[in-house]
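Undergrad: Oh and the sequence shown: position 144 is 148 in this note's numbering, straight run, nothing missing. Backbone N, C-alpha and C fix where the C-beta goes; we use that ideal spot for every residue, glycine too. Bear in mind that the values here come from a model prediction, so they are computed numbers and not experimental data.
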Amino acid sequence: SDKLMITASYSNFTMFTSRQLNQFNTINDNPLIIQQPKDSIDYKQISQNTNINVNYILSNTKEKVQNINFNYSLNDMVNRENGIVRRGGLSRFHNANVNYNLGFPEKKMNIATSFNFTHTYAASQISTIWGPGINVTKSFLKDEKLKTNFGASYNHSGSSTANINVMNFRLGANYMPWKKHNFNLNFIQMFRNTDQAIENPNLNEMTCTFGYNYSF
């Protein structure tokens, strides 16, 4: 339909290598090679990728535009050596995110929210990352000469060895008073804490930048 769009994809890739370790047996045509057990490596790597995307338009008018989007991807890779999957030979990556966008064209304002989740299994270790985010943009003045944005996000990373929490606040403005002149101001505040035994487990960092650009 005009409002709902669904796309999906799947791919499968296999790479294999089979070789005899002692190649001199073949070069020299050793008659005893028939009586000896084969000393070789049969290596195979199988990679699979799956992706699903769903987008739905909730409304599309002059006053309000809103849509919701869901995306999921899976990457699976297996390494087999002589038919055996050894420790650390399996990795699996899941990622899912949901995005909601709300726009007010007449007010020149847009609000975007998101939630992201990632689950990783690699080298026999499990880790997860999840967190929400929001971003608001608003334009002012004639011809949208002044553009502002505000954003905030939170991320939690967890594994068997550490847990990390990161909170970000972002504020920015872009002003173009004349055609070739551009001023920009950006402010970022980050709060991070972890249960790791490090020197600074709690970190607060602030960054502020101001720039001017002139185009010829």
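With distances taken Cα to Cα, identify the nearest neighbour of N16 among I10, D6, N55.
TA: Residue 16 sits at position 12 when you count from the first residue of the sequence shown. Minimum Cα distance to N16 is reached at N55.
Undergrad: If distances are taken between C-alpha atoms only, which option among G176, N169, L145, E148 comes closest to G215?
TA: Within the sequence shown, residue 215 is the residue found at index 211, counting from 1. Answer by Cα proximity: G176.
Undergrad: Return the first residue and the last residue of the beta strand (DSSP E) that E85 is part of.
TA: For the purposes of this step, residue 85 is identified with residue 81 of the sequence shown, where counting begins at 1. Segment 69-85, the beta strand (DSSP E) holding E85.
Undergrad: Comparing C-alpha positions only, which one of N190, Q200, N103 sits nearest to C212?
TA: Position 208 of the sequence shown, counted from the start, is the residue given in the question as residue 212. C212 has its Cα closest to that of N190, out of N190, Q200, N103.
Undergrad: Can you tell me whether P109 is helix, strand or coil according to DSSP?
TA: Translated into the one-based positions of the sequence shown, residue 109 becomes position 105. Here P109 sits in helix by DSSP.
Undergrad: In its own chain, which residues sit with a C-beta less than 6 Å from the C-beta of T117, not counting the 5 before and 5 after it?
TA: Looking up residue 117 in the sequence shown gives position 113. Excluding residues within five positions, the ones whose Cβ falls inside 6 Å are Y104, I138.
Undergrad: Please confirm whether S157 and K151 have their CB atoms less than 8 Å apart.
TA: Your numbering for residue 157 matches position 153 in the sequence shown. Your numbering for residue 151 matches position 147 in the sequence shown. The answer is no: Cβ separation not under 8 Å.
Undergrad: Can you tell me which of the three DSSP states P41 falls into?
TA: On the sequence shown, position 37 is the one that residue 41 refers to. Because the pLDDT at P41 is just 49, under 50, the model does not fix this residue reliably, and the value given afterwards should be weighed accordingly. Here P41 sits in coil by DSSP.
Undergrad: For F108, which option in V102, I72, S95, T65 has the closest C-alpha, if you only look at C-alpha atoms?
TA: Within the sequence shown, numbered from 1, the residue matching residue 108 stands at position 104. Nearest option by C-alpha distance: T65.
Undergrad: Looking only at its chain, what residues have a beta carbon closer than 7 Å to the beta carbon of Y60, apart from the 5 residues adjacent to it on each side?
TA: For this step, residue 60 is matched to residue 56 along the sequence shown. Same-chain partners within the cutoff: K7, L8, N71, I72.
Undergrad: Let me check understanding here. Comparing Cα to Cα, which of E67, S51, V69, L78 lies closest to A12?
TA: Looking up residue 12 in the sequence shown gives position 8. The shortest C-alpha separation from A12 is found at L78.
Undergrad: When the Cα atoms are used, what is the spatial distance from S219 to A126?
TA: Translated into the one-based positions of the sequence shown, residue 219 becomes position 215. Translated into the one-based positions of the sequence shown, residue 126 becomes position 122. So the two alpha carbons sit approximately 47 Å from each other.
Undergrad: Using only the alpha-carbon positions, how far apart do P181 and L62 sit?
TA: Numbered from its first residue, the sequence shown carries residue 181 at position 177. Numbered from its first residue, the sequence shown carries residue 62 at position 58. One C-alpha to the other measures close to 36 Å.
Undergrad: Could you tell me whether the Cβ atoms of M81 and S128 are closer together than 8 Å?
TA: To locate residue 81, count along the sequence shown from 1; it is residue 77. To locate residue 128, count along the sequence shown from 1; it is residue 124. Not a contact, by the Cβ cut-off of 8 Å.
Undergrad: Whose C-beta lies closer than 6 Å to the C-beta of M171 among residues of the same chain, with five residues either side of it excluded?
TA: Locating residue 171 in the sequence shown gives position 167, where the first residue counts as 1. Once the five neighbours on either side are set aside, the close Cβ partners of M171 are Y158, F195.
Undergrad: Can you give me the C-alpha to C-alpha distance between R96 and Q49, rounded to a whole angstrom?
TA: Translated into the one-based positions of the sequence shown, residue 96 becomes position 92. Translated into the one-based positions of the sequence shown, residue 49 becomes position 45. Cα to Cα, R96 sits roughly 13 Å from Q49.
Undergrad: Output the residue ranges of the alpha helix (DSSP H) runs that lie fully inside the segment 107-186 and measure 4 residues or longer, sorted by chain position.
TA: Correct list: empty.
Undergrad: So N208 is in the beta strand (DSSP E); what residue range does that whole segment cover?
TA: Here residue 208 is taken as the residue at index 204 of the sequence shown, counted from 1. Its beta strand (DSSP E) spans residues 206-218.
Undergrad: Here's a check: name, in chain order, each residue in its chain whose Cβ is nearer than 6 Å to the Cβ of S163, leaving out the five neighbours to either side.
TA: The residue you call residue 163 lines up with position 159 of the sequence shown. Excluding residues within five positions, the ones whose Cβ falls inside 6 Å are S131.
Undergrad: Quick check on DSSP: helix, strand or coil for K7?
TA: Position 3 of the sequence shown holds residue 7. DSSP places K7 in coil when its eight states are reduced to three.
Undergrad: Taking the DSSP output, what are the residues bridged to I202?
TA: Within the sequence shown, residue 202 is the residue found at index 198, counting from 1. Its beta-bridge partners do not exist; DSSP assigns none.
Undergrad: To the nearest angstrom, report how far apart N153 and K111 are at their CA atoms.
TA: Start at 1 with the first residue of the sequence shown, and residue 153 comes out as number 149. Start at 1 with the first residue of the sequence shown, and residue 111 comes out as number 107. The alpha-carbon atoms of N153 and K111 are separated by roughly 14 Å.
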